[in-house]
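Numbering of the sequence shown is given in our numbering, commencing with residue 9 and proceeding in unit increments. Ideal Cβ placement from N, Cα and C applies to all residues, glycine included.
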Amino acid sequence: AGPVRHYVPTSEGFAESVARGLGWGMVPESQAEPLLAAGRVVPLAAGWLDVALYWQQWRLDSPALAALAEAVSATAARALRR
Numbered sequence: 009a010g011p012v013r014h015y016v017p018t019s020e021g022f023a024e025s026v027a028r029g030l031g032w033g034m035v036p037e038s039q040a041e042p043l044l045a046a047g048r049v050v051p052l053a054a055g056w057l058d059v060a061l062y063w064q065q066w067r068l069d070s071p072a073l074a075a076l077a078e079a080v081s082a083t084a085a086r087a088l089r090r
């Protein structure tokens, strides 16, 4: 038999799985902070590990896609660490 695997389709579910002791994992800072404050998880390493994020989209001349890409980029710029 191979290693045990679990499928957790959402980042919220993944963070909760880590908090319940299913295993260890990298959890986004915004989700880790309340879990750390509540003592539900502990850091395994000092500091944070930054992960580059990329936005990909088809090369379609679409005002709707352009507006969506701009909205995602603007929200990410406000919410994520640089």
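Residue i and residue j closer than 8 angstroms at C-beta
i, j, result
"V50", "A40", "no"
"V80", "W63", "yes"
"P42", "S19", "no"
"Q65", "A84", "no"
Close Cβ partners of residue i (< 6 angstroms) along its chain, the five nearest in sequence each way excluded
i, result
"A23", "V35 and Q39"
Residues near residue i by beta carbon distance below 7 angstroms, same chain, minus five either side
i, result
"G33", "F22 and V26"
"V16", "F22 and S25"
Own chain residues within Cβ distance below 8 angstroms of residue i, not counting five before or after
i, result
"L88", "L61"
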